[in-house]
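Asks: Numbering (UniProt numbering), first residue to last: 1 to 206. In this text, a Cβ means the ideal position worked out from N, Cα and C, and glycines have one as well. The model shown is predicted, which means the values in this text are computed figures rather than measured ones. Okay, handing you the structure first.
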């Protein structure tokens, strides 16, 4: 390898790695010392965990690289099922001290991930900005959202369950930049208007 490529700035390497398949990052970590850190950042930045084996590996790796992951997707983890015990997803989330968003695939997984998040201590969720939405279990979603209220930037509400008491809690989300309302029966525009009315009523006391 050319000596010039061994001493590229980290910022430039990260920009280059955006165009490279993440599966190559394991190999790139071994190219030279200056490539190690940016390759690890790229490798762990956006994690998709879909098997028990991957979960085991992530839990082990994150004891060292815990600060690198920013986005985590848990897709169809077998260990959520009672009949297939495996590694505890809570361990991974405890290690992910810098995590910004957690997502999952499917309504069932959304609810299960929310249950895991609800069991964690608040300091483990101090930087979490986005969590899965599970309208089939709206109460669990709101419970988890309120627990993460100091850092969440978006919240989803169920149109059929909105009231002034619920709207008043939105004021306790200091970083909130997006408030959406979903319903199978009403268009989003009508739901948003309803939120504005409730918010105005709450502020004016009318």
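Looking only at its own chain, which residues have a Cβ that is under 6 Å from the Cβ of residue 73, when we skip the five neighbours before and after it?
Replies: The residues are 48 and 103.
Asks: Can you tell me whether residue 180 is buried or exposed, with buried defined as 16 or more other CB within 10 angstroms of its CB?
Replies: Residue 180 should be labelled exposed.
Asks: Can you look up residue 13 in the DSSP assignment and give me helix, strand or coil?
Replies: Residue 13: helix per DSSP, three-state reduction.
Asks: Identify whether residue 21 lies in helix, strand or coil by the three-state DSSP scheme.
Replies: Three-state result, residue 21: coil.
Asks: Could you check whether residue 94 and residue 125 sit closer than 8 Å to each other, using their CB atoms as the reference points?
Replies: No.
Asks: Check whether the segment 168 to 178 touches the segment 139 to 157, counting contact only when three or more Cβ pairs, one atom from each stretch, lie closer than 8 Å.
Replies: With a cut-off of 8 Å, the segment 139 to 157 and the segment 168 to 178 count as touching, because enough Cβ pairs lie within range.
Asks: Could you check the C-alpha separation between residue 130 and residue 118 for me, to the nearest Å?
Replies: Between residue 130 and residue 118, the C-alpha separation is close to 14 Å.
Asks: If you draw a straight line from the C-alpha of residue 39 to the C-alpha of residue 171, how long is it?
Replies: Distance between the alpha carbons of residue 39 and residue 171: 40 Å.
Asks: Is the CB-CB distance between residue 144 and residue 114 below 8 Å?
Replies: Yes; because the gap between Cβ atoms is below 8 Å, this pair is in contact.
Asks: Please state whether the Cβ-Cβ distance between residue 71 and residue 98 is less than 8 Å.
Replies: It is not a contact, given that the beta carbons lie outside the stated cut-off.
Asks: Who are the near neighbours of residue 122 in its chain, counting only those whose CB is closer than 7 Å to its CB and skipping five residues on each side?
Replies: So the qualifying residues of the chain are 147.
Asks: Return yes when the Cβ of residue 58 is within less than 8 Å of the Cβ of residue 92, no when it is not.
Replies: Contact: yes.
Asks: Looking at the structure shown, is residue 180 part of a helix, part of a strand, or coil, going by DSSP?
Replies: Residue state, collapsed to three classes: strand.
Asks: Since residue 140 contacts residue 111 with CB under 8 Å, what's their CB separation in whole angstroms?
Replies: Yes, they are in contact, since the Cβ atoms of residue 140 and residue 111 sit about 6 Å apart, within 8 Å.
Asks: Quick check on this structure: which residue in 22, 36, 157 and 46 has the alpha carbon closest to the alpha carbon of residue 9?
Replies: That would be 36, whose Cα lies nearest to the Cα of residue 9.
Asks: Could you tell me whether the Cβ atoms of residue 42 and residue 17 are closer together than 8 Å?
Replies: Contact: yes.
Asks: Please confirm whether residue 55 and residue 100 have their CB atoms less than 8 Å apart.
Replies: The answer is no: Cβ separation not under 8 Å.
Asks: Indicate the three-state DSSP secondary structure (helix, strand or coil) for residue 81 in the structure shown.
Replies: Because the pLDDT of residue 81 is 49, which lies under 50, any placement of that residue in the model is unreliable, and the question is left without a value.
Asks: Output needed for residue 15: all residues of its chain with C-beta closer than 8 Å, excluding positions within five of it in sequence on either side, in chain order.
Replies: Nothing listed; no residue qualifies.
Asks: When the Cα of residue 60 is compared with those of 28, 156, 21 and 96, which residue comes out closest?
Replies: Comparing Cα-Cα distances from residue 60 to each of 28, 156, 21 and 96, the minimum goes to 96.
Asks: Along the chain, which unbroken stretches of the beta strand (DSSP E) at least 3 residues long are found entirely within the segment 21 to 58?
Replies: If we require 3 residues or more, the beta strand (DSSP E) runs fully inside the segment 21 to 58 come out as 46 to 49.
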